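Enquirer:
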């Protein structure tokens, strides 16, 4: 079963696909932006943000464990890949610890989380690309 047909058949979020025609299902999947979507992010963008906010050196020079862990992320990787929920939770936890240690502000934490996630469509969340009515009809017929 394909991701699309699985989504339509099982309707895990209770969107009501069974009562929708193909165009409505396609619209719900492709146009309604109500899902948290992880965005793999370049480390360079995060570094530039911290440099602009004058926090990179502060974090780099801090003896706090969270700061040292964060610096490993920034120096050992080229991109943050959130291919499992554990990685995303770890990133959020480290940022929260940096706020607790006074090394970042809450708005900075929010901004950094914005680098790695956004509100997108169900189609984006599932990695389906643009879903058209014809795709829905085909999925329903399989």
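Numbering (the working numbering), first residue to last: 1497 to 1638.
The beta carbon of each residue, even a glycine, is placed where N, CA and C say it ideally should be.
Predicted model only: the values in this text are computed from it and were never measured.
1) Assign residue 1614 to one of three DSSP states: helix, strand, or coil.
2) For residue 1547, is the classification buried or exposed, using 16 other Cβ atoms within 10 angstroms of its Cβ as the cut-off for buried?
3) Could you have a look at residue 1592 and say whether DSSP puts it in helix, strand or coil?
4) Take residue 1499 and list the residues in its own chain whose beta-carbon comes closer than 8 Å to its own, dropping the five residues that flank it on each side.
5) Tell me which residue opens and which closes the beta strand (DSSP E) that residue 1529 is part of.
6) Hey, quick one: how far does the alpha helix (DSSP H) through residue 1543 stretch, first residue to last?
7) Would you report the Cα separation of residue 1539 and residue 1558, rounded to the nearest angstrom?
8) For residue 1608, which three-state DSSP category applies?
9) How big is the Cα-Cα spacing for residue 1618 and residue 1541?
10) Tell me which residues share the same chain as residue 1522 and place their Cβ nearer than 8 Å to its Cβ, disregarding the 5 neighbours each side in the sequence.
11) When you compare the segment 1588-1596 with the segment 1501-1516, are there three or more beta-carbon pairs, one atom per stretch, that lie closer than 8 Å?
Expert: Quick answer:
1) strand
2) exposed
3) helix
4) 1622, 1623 and 1624
5) 1529-1534
6) 1539-1548
7) 19 Å
8) helix
9) 26 Å
10) 1627, 1628, 1629, 1631 and 1632
11) no
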